[in-house]
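Single-structure report; data block below.
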Amino acid sequence: MPRMRIRTMRAVQKLGNDNRSLPKAPTGIQGLDEVTRGGFPRGRPTLICGSAGAGKTLLAMEFLIRGATEYNEPGVFMAFEETAPELTQNLRSLGFDLDELAKEKKLAIDFVRLERSEIDETGDYDLEGLFIRLGAAIDAIRAKRVVLDTIENLFAGLQNEGILRAELRRLFRWLKDRGITAVITAERGDGALTRHGLEEYVSDCVLLLDHRVTDQVSTRRLRVVKYRGTAHGTNEYPFLIDEDGFSVLPVTSLGLDHEVSDERISSGVPRLDTMLSGEGFYRGTTILVSGTAGTGKTSLAASFVDAACQRGERCLYFSFEESPGQLIRNMRSIGLNLEQWTKKKLLQFHSSRATFYGLEMHLAIIHKIVLGFQPRVVVLDPVGSLIQAGNQRDAHSMMIRLIDFLKQRGITAFLTNLTSGGEALERTDVEISSIVDTWLFTRDIELDGERNRALYVLKSRGMAHSNQLREFLLSPLGVDLLDVYVGPDGVLTGSSRLSQEAREKSAALARRQDAERRDRDRKRKREALEARIAALRKEFEVEEAEVETASEEDASREEMIADNREAMSRSRRADLVKDGVDGKRKRRKGAR
Amino acid sequence: MKKSERNKEARPLSLQEIGDRNEPGANEVWQLRLYVAGQTPRSVAAFANLKRICEDHLAGRYNIEVVDLVKHPQLAAGDQILAIPTLVRKLPQPLRKIVGDLRDTERALVGLQIRPAAMGE
């Protein structure tokens with residue numbers, strides 16, 4: 001008892017997480033440790049049940065392999081169904097080399113064959129032979145983990161169920177006493193978890209694997225049916241089996257506690273950055289571009305990716321409609337060379353048809369690729385097509401989980417969404433508009449026999465964004481935004497904008513020419529006037545001069561007359577001479 | 593019910609092969625191996641029962657080897673032993689296994705495919 005306690009405490013210290021009550025053995029399987037909050041119960045048996053082909057053997061085997069390679073806990077695999085060479089071969093295709101582990105004494109596979117046809121029973125017996133084999137295997141490699149796959153085969157090989165049940169109970173007790181973390185797999189039975197009611201004996205932790213096909217699309221799901229003495233995720237979690245083994249998507253175990261960034265990143269379109277208060281998007285936010293078909297959503301996404309790659313950031317592009325080659329070719333037409341980034345391993349494309357997998361599978365795949373590639377930017381193009389892979393409610397909740405997942409990692413998500421013509425434009429199929437941070441809207445404006453693209457910012461949290469509609473141009477030089485023409489005739493785009501601008505230009509030119517002409521006229525008039533004024537003045541001066549001359553003549557004539565009179569009076573000897581002289585002077589003064 | 597099924601299974605073998613092989617010479621030595629785990633009462637009982645059956649039906653032409661898995665655990669895998677005690681008939685072919693303490697002689701004989709004819713000798 002004291003020894004047990006010491007072991008428990010040590011295990012807790014090692015784990016150091018929230019579950020102080022129950023020590024756990026981490027599975028090392030992506031996502032499963034999150035769902036089970038740390039792994040399987042240490043020193044106790046765990047039951048994995050599921051129908052044929054659900055992935056029980058693989059999960060159990062990976063538990064051993066991860067334990068052996070990552071946690072230094074060797075394991076024994078007791079196989080009741082497949083022989084050791086078969087298992088080795090099956091797992092090699094998933095990238096695990098069992099031979100190597102066996103050589104390093106980290107893993108032992110013991111194949112148990114029960115052939116009912118060559119066995120007869122008479123009298124009492126027990127399964128001591130199984131205990132001895134298992135015990136020997138455990139001792140040989142100092143195993144901490146044991147898998148019994150599928151122990152129910154004992155029921156097929158031996159008749160006496162009473163003995164079997166008693167012996168199984170003893171076996172699980174025995175494993176517990178030895179402190180072995182055991183995994184027991186079992187086939188799912190009708191209306192019960194297992195065909196032979198093993199859940200009666202293994203009651204600490206029960207996992208259920210499920211492989212469902214809905215609308216011809218298969219999804220694998222995992223659920224922790226029970227887990228004594230600890231909290232655990234209770235939902236069904238989708239999981240994947242691929243070349244890297246098993247991975248569970250713990251989609252609901254996310255919250256709203258991600259860190260936020262003040263960093264701004266360019267959208268790749270300078271004018272768009274200007275519209276977003278001059279600096280672009282916030283890093284780690286979610287950007288949605290929605291719009292009708294052919295309005296340039298993918299081009300915007302590609303520009304954004306191009307800009308991110310230029311900054312040296314890794315980008316993941318999930319395309320549900322176009323193949324990577326097609327995307328690269330199409331984006332070349334607007335001057336974006338995306339191929340250079342894929343060659344530099346900055347950009348990864350993942351194309352798959354939305355209907356190819358179930359929605360959860362898609363998200364599990366996205367999840368896994370994101371964790372593997374560690375991108376800063378993720379593009380989902382278009383996100384709405386994912387809805388085809390699931391129903392609306394599922395799609396909505398899965399999108400929220402995905403966005404939360406990306407946000408938690410500070411990844412900027414760029415989603416595009418196709419709005420179909422008949423619907424209200426400002427809504428999205430998957431109802432994600434409320435959880436995105438920046439929502440750009442592209443639409444087409446049909447006028448004068450042509451369609452043109454326009455873009456506006458519907459919302460952008462945390463920044464003063466432009467309220468203007470911009471014309472959105474795709475040219476071999478890239479994506480550009482132009483001011484739309486807003487005039488008395490309404491909003492004009494494309495060639496009607498051009499022609500309107502041309503009309504305005506010529507009108508302005510005419511006005512300017514008119515003004516210039518008037519100006520010239522005025523100048524000329526002024527010149528004419530001044531010329532006339534000058535002429536009149538000249539005339540006046542001439543007259544004045546004439547008048548002066550005349551008055552001088554008059555004066556001289558009077559003088560002459562006076563002189564004459566003086567001379568005459570002198571000759572007549574008149575007396576009034578002085579007066580006459582004075583009067584002459586006065587008169588001269590007045591004339592001046 | 594189960595017993596009759598098992599007889600049906602066993603009969604073709606006993607008629608065609610075992611019969612031919614065992615009857616003429618009766619000189620073939622039966623190789624029997626009894627797996628036990630320690631000296632438990634059940635193991636002791638199984639060995640006693642086996643000895644009795646052999647003396648009664650195969651006197652002089654049998655060979656019993658007792659394997660104690662507590663001492664030699666590595667031998668358990670070779671004959672795919674899970675249940676204890678298990679009696680393995682190595683010879684004559686084909687290999688047969690009988691689990692249990694052999695207290696039911698009738699069934700033990702059926703399991704070992706010792707024919708009533710042999711009993712009569």
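Protein chains in written order, with the working numbering: chain C, 1 to 592; chain P, 593 to 713. Cβ atoms here follow ideal geometry from the backbone N, Cα and C, with glycine treated the same way. This structure is a prediction, so every number in the text was calculated from the model and none was measured.
Contact annotation for R634/P against chain C: D124 [CB-CB distance below 7 Å, chain order]. Under a criterion of Cβ atoms nearer than 8 Å, the residues of chain C adjacent to Q666/P are, in order, A136.
If you check each beta-carbon in the region 688 to 701 of chain P against every beta-carbon of chain C, the ones closer than 8 Å belong to R688, K689, I690, V691, G692, D693, L694, R695, D696, R699, A700. With distances taken between CA atoms, A84/C lies nearest to D149/C out of S247/C, D149/C, F472/C.
Distances from the alpha-carbon of V147/C to those of R517/C, R524/C, G75/C put G75/C closest. Between the beta-carbon of C315/C and that of P375/C there is about 6 Å, and that keeps the pair under the 8 Å contact cut. For T69/C, the three-state secondary structure derived from DSSP is helix. At a cut-off of 9 Å between C-beta atoms, A637/P counts as an interface residue with respect to chain C. With its beta carbon less than 9 Å from one in chain C, V662/P belongs to the interface.
Take the alpha-carbon of T27/C and the one of F304/C: they are about 39 Å apart.
If you draw a straight line from the Cα of K343/C to the Cα of Y227/C, it comes to about 47 Å. For E446/C, the closest alpha carbon among the candidates P476/C, R409/C, L492/C, G157/C is that of L492/C.
The shortest CA-to-CA distance from R195/C to any of Y201/C, E187/C, V202/C is the one to E187/C. At a cut-off of 9 Å between beta-carbon atoms, G129/C makes contact with chain P.
Where Q326/C is concerned, the enclosing alpha helix (DSSP H) starts and stops at 324 to 332. The Cβ atoms of I180/C and I132/C lie no closer than 9 Å to each other.
Taking every protein chain shown into account, the CB of S299/C has 16 or more other CB atoms within 10 angstroms, so this residue is buried. Between L59/C and L207/C, the gap from beta carbon to beta carbon is short of 9 Å. Of the candidates L674/P, R653/P, E698/P, V621/P, L674/P places its Cα closest to the Cα of I163/C. Between the C-alpha atoms of W622/P and R653/P there is a straight-line separation of about 6 Å. T286/C sits buried, since 16 or more C-beta atoms from the chains shown fall within 10 Å of its C-beta.
Exclusion of the five residues before and after E657/P leaves Q623, L624, R625, L626 as the residues of its chain whose Cβ lies within less than 8 Å of its Cβ. Of all residues in the region 97 to 124 of chain C, only D110, F111, V112, R113, L114, E115, S117, E118, I119, D120, E121, T122, G123, D124 come within less than 9 Å of chain P when Cβ atoms are compared, listed by chain position. Between V183/C and L338/C, the C-beta gap is not smaller than 9 Å, which leaves the two residues out of contact. Look at the region 669 to 694 of chain P and you find no whole run of alpha helix (DSSP H) that is 4 residues long or longer. Unbroken alpha helix (DSSP H) stretches of 4 residues or longer found wholly inside the region 244 to 292 of chain C: 270 to 275, given in chain order. For R133/C, a Cβ of chain P is located within less than 9 Å of the residue's own Cβ. In chain order, G129 make up the part of chain C whose C-beta sits under 7 Å from the C-beta of I673/P.
For the options Q159/C, I365/C, T57/C, the alpha carbon positioned closest to that of N90/C is the one of T57/C. Residue burial is scored here from C-beta neighbours: Q631/P has fewer than 16 other C-beta atoms within 10 angstroms and is therefore classed as exposed.
H350/C carries a strand assignment under DSSP once its states are collapsed to helix, strand and coil. Contact between the region 360 to 377 of chain C and the region 401 to 417 of chain C is established, with three or more Cβ pairs separated by less than 8 Å. With respect to the 9 Å criterion, T416/C and L288/C are classified as neighbours on the basis of their beta carbons. DSSP places L171/C in the uninterrupted alpha helix (DSSP H) bounded by 161 to 177. D242/C counts as exposed, since fewer than 16 other beta carbons sit within 10 angstroms of its beta carbon. The contact set of I645/P on chain C, defined by CB atoms closer than 8 Å, is empty, because the minimum CB distance reaches about 10 Å.
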